[in-house]
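Protein chains in written order, with this note's numbering: chain B, 1 to 214; chain P, 215 to 585.
Every residue, glycine too, gets a C-beta built ideally from N, C-alpha and C.
Treat the numbers as computed from the prediction; the structure is a model and nothing was measured.
See below for the structure under consideration.
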């Protein structure tokens, strides 16, 4: 039996919020909604939900501003970025701020429901596009030479998993293709997320600096 | 003076006495800060004016009374009146020091007072009509004092050339300033207008057209909406979307767009890395286009995933759908699409094409060229 997840939805478009409400399955309950950073921060702190669905662009700041404000006080709240933006710095920026995943707004209701559960369980959710960005960012040797090599490189396995995500495979399909358990696939993806957030690779720090995240 | 309000060309900076860097009362430093000039220049001006019968000293005292301390409210009314009187006195001293005749100074004082009262009626608590009458009386009497005292030929004698220059400057400078500002505003408005029109044209060509079509023909509206989404994205996020001309990514993007339009499916293109289009990669792009079109035609899905991985070792393109799938062995040998357009094309340029599919499990076409 899947537990009921309490979700706060942050997006400045009413129509889009209505669409998400209608599309989410019965195992996800929307407990609050807001359209600006200023409204979102106190609302999330007050409601303390399992997951926050967060638009990357808000009228009074980026989605990362919400994460930066809330995360230190509510470490249990998980953020899942939801956006139409395809700009790498937007996507990487919100992940670097602490989001557990990124999906595009074209995602189906069922997939979004699944993504909410996965994020609530502490796993990471990568869309094919995010996987593509990460492969790009971790391509080749890191020339900065200042960071932690553990964090600045992907393992061969992680690269394989990301490539399959980018090709449009789901976790279960990836697991059976690579003869791994789904849990192992999850842990590879979570490891990549960690690297994405903590690595000092030039590419990533450049993106982060552009978004004034560091 | 029938104008309702006399607007200054720009917002006045806030003048106040400075705490930091002050020598006497912080007037020089304060004015310097408000006008963004070196305070030493302001102090020199006060010093210079002091030679005109001590006008600089009187002006300094007047400002001391008039200006508020930093971040403090305005000083009391008494202080402000004292300050204003001192300033007017300083102005008269200075103008006489410049060599202006008494009648001319009186005229300036009266006309100036008239202008101030006419412009600031509300602030002095006067009714509009009363202020206007007072202003007209003051200005007219100022002019009479002047004209009455200067009959004919000695008119020019009482106006030394320097004073004429100063007066002209006072009259012309605000006007020139306003003119320059208006021109800037006009230019800014024109640029805004052009941007708005470009935006409007784009939205008209895309969003409005789609909205209209949705009401008539949902199927073609979907295709159109997808194409326009692509175009708008390329416009809004030029770095993320638009691949440089003559690259593999650009070729695949246009291939994806064509397939989307022809077959009404969504092609999700993800890329990692890019490569300059040569003969082999052109063949690869064409094969990939055929694979997308096949998926769109036969798989019975509304989304096709394409992933391009271009690295040092070579280029791989994966075209995947989650549709009906098929048995690759059972495909008739003469089926042009798979045999010729995909496999043949790849083999001719020394690449490979692999097709992974089974009934009910979707299809993935893997196209590879080594570096």
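Problem - Same chain, Cβ closer than 6 Å to residue 171(B), neighbours up to 5 away in sequence not counted - result: 182, 185
Exercise for the section: Scan the segment 147 to 173 of chain B for residues whose Cβ lies nearer than 7 Å to a Cβ of chain P and list them as they occur along the chain. Expected result: 163, 166, 167, 168
Exercise for the section: Return yes when the Cβ of residue 136(B) is within less than 8 Å of the Cβ of residue 190(B), no when it is not. Expected result: no
Handout entry: Among 53(B), 113(B), 26(B), 74(B), the one whose alpha carbon lies nearest that of residue 94(B)
Key = 53(B)
Exercise for the section: With residue 174(B) as the anchor, note down where its alpha helix (DSSP H) starts and where it stops. Expected result: 171 to 177
Problem - Contact check, residue 168(B) vs residue 534(P), beta carbons under 8 Å - result: yes
Problem - C-beta contact flag for residue 8(B) and residue 23(B) at 8 Å - result: no
Problem - chain P contacts from the segment 33 to 65 of chain B (Cβ-Cβ distance under 7 Å) - result: none
Problem - N-terminal and C-terminal residue of the alpha helix (DSSP H) that residue 479(P) is part of - result: Run containing residue 479(P): none; DSSP gives neither H nor E here.
Handout entry: Chain-order list of residues whose beta-carbon lies under 7 Å from that of residue 566(P) (same chain, five-residue window excluded)
Key = 560, 582
Practice task
Could you give the DSSP three-state label for residue 292(P): helix, strand or coil?
Solution key: helix
Practice task
Under 8 Å by Cβ, that's how I've got residue 450(P) and residue 488(P) pegged, so tell me the actual separation to the nearest angstrom.
Solution key: Rounded, the Cβ-Cβ distance is 20 Å, inconsistent with contact.
Handout entry: Close Cβ partners of residue 268(P) (< 8 Å) along its chain, the five nearest in sequence each way excluded
Key = 307
Exercise for the section: Just the C-alpha distance for residue 71(B) and residue 506(P), rounded to the nearest angstrom, thanks. Expected result: 42 Å
Problem - Extent of the continuous alpha helix (DSSP H) to which residue 502(P) belongs - result: 493 to 512
Exercise for the section: Could you work out which residue in 322(P), 413(P), 575(P), 483(P) is closest to residue 538(P) when comparing CA atoms only? Expected result: 575(P)
Handout entry: Segment contact, 8 Å Cβ cut-off, at least three pairs: the segment 316 to 324 of chain P with the segment 277 to 297 of chain P
Key = no
Problem - The alpha helix (DSSP H) enclosing residue 45(B), as first and last residue numbers - result: 37 to 47
Exercise for the section: For residue 128(B), return the contacting residues in chain P, with the cut-off set at a CB-CB distance below 8 Å. Expected result: 482, 484, 519, 521
Practice task
Entirely within the segment 54 to 102 of chain B and at least 4 residues each: give me those alpha helix (DSSP H) ranges in chain order.
Solution key: 63 to 70, 88 to 97
Handout entry: For residue 571(P) and residue 577(P), the rounded distance between their alpha carbons
Key = 4 Å
Problem - Best match in 177(B), 152(B), 117(B) for proximity to residue 194(B) [C-alpha to C-alpha] - result: 152(B)
Practice task
Measuring only between beta-carbons, confirm whether residue 525(P) sits less than 8 Å from chain B.
Solution key: yes
Problem - Proximity test, residue 254(P) beta-carbon vs the ligand MG heavy atom, cut-off 7 Å - result: Only the bare structure without any ligand can be found here, which leaves the ligand MG out of the picture.
Exercise for the section: Kindly say whether residue 76(B), judged by its beta-carbon, lies nearer than 8 Å to any beta-carbon of chain P. Expected result: no
Exercise for the section: Measure how close the beta-carbons of residue 465(P) and residue 496(P) come, nearest whole angstrom, since I'm counting them as under 8 Å. Expected result: 7 Å
Problem - Cβ contact check for the segment 343 to 363 of chain P and the segment 389 to 402 of chain P: 3 or more pairs under 8 Å - result: no
Exercise for the section: Give a yes or no on whether 8 Å exceeds the smallest Cβ distance from residue 136(B) to chain P. Expected result: yes
Practice task
With 8 Å as the threshold, decide whether the Cβ of residue 261(P) is near any Cβ in chain B.
Solution key: no
Exercise for the section: Answer yes or no: do residue 115(B) and residue 5(B) have a C-beta to C-beta separation smaller than 8 Å? Expected result: no
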